[in-house]
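The opening residue of the sequence shown carries number 1 in the numbering used here; numbering runs sequentially from there.
Virtual Cβ for every residue (Gly too), placed ideally from N, Cα, C.
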Amino acid sequence: MRLGKNVAWSTLVAALVAAAGAIVMLFAAQGAMAGIAGSKHDFSTGNTWNTTGEICVVCHAPHNSGSSSLLWNHSTSAVATYTLYASPSLNATLGQPGLGGVSKLCLSCHDGTVAIDNFGGKTTGTQAIPATANLAGGTLGGTTGSLADDHPISFTYDAALATADGGLVTPVDAKSVVAGIPLYSAKLECASCHDVHNNAAAGTKLLRVANTSSALCLKCHNK
């Protein structure tokens, strides 16, 4: 009889644990889905140029986007050659942000040469990105940009680079430096540090990790 009670109690505990797990997963899923809403990349309200009321349409379209790269729906930058970061302590070989690559898509707004409202086939927008978010100093309709004063991007980050530098964390593989810091085809890109769809974790600047006490920097820099 005692054995039966123990079995019943174990069954009840297991059911409660399973229910608690389901609740945690539900809230986690809701948090992931709601990440972009209310963030700096939510352009569904507060402007006169997005009349769709949609969040995703400014960057993506599920059909007829004109691009196979992330179903991109926004005009891309015409800047072919950026002035790149340079430093005597730099061991990485920098490349231009590739056309259709993740950083080039970011720069289609953030280099300042393309209007935010140039999406859905529109190419005559007038809504410039705020000066504080203009990384490359461009102007609407421009074809120049400088990344010389920004953290380098679009370079291969692998074990060979970490060894040559001596002050970098060796990445775990071609897809990740460490957990939470992704690589793209073994390259460090804008999205390695910034989660463009969710700013909930870090709270500001769409950072993947809050940079309190340089926590984000130390994910890669072994100082």
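Taking a C-beta distance under 9 Å as the contact criterion, serine 176 and leucine 183 qualify as a contact pair. By the C-beta density criterion, alanine 92 is buried, having at least 16 other C-beta atoms within 10 angstroms. Taking a cut-off of 8 Å for Cβ pairs, the stretch 60-71 and the stretch 34-51 do not touch, as fewer than three such pairs fall below it.
With fewer than three CB-CB distances shorter than 8 Å, the stretch 196-213 does not count as touching the stretch 115-131. Bounds of the alpha helix (DSSP H) holding serine 192 are 190-193. Each of Asn47, Asn73, Val178 and Leu94 was checked against the Cα of cysteine 56, and the nearest Cα belongs to Asn73.
Spatial neighbours of alanine 159 in its own chain (CB-CB distance under 8 Å, excluding positions within 5 residues in sequence) are listed in chain order as Thr170 and Pro171.
Straight-line spacing of the CA atoms in alanine 186 and leucine 161 works out to 11 Å. One alpha carbon belongs to leucine 70, the other to threonine 113, and they sit about 21 Å apart. Rounded to whole angstroms, leucine 84 and glycine 137 show a C-alpha spacing of 13 Å.
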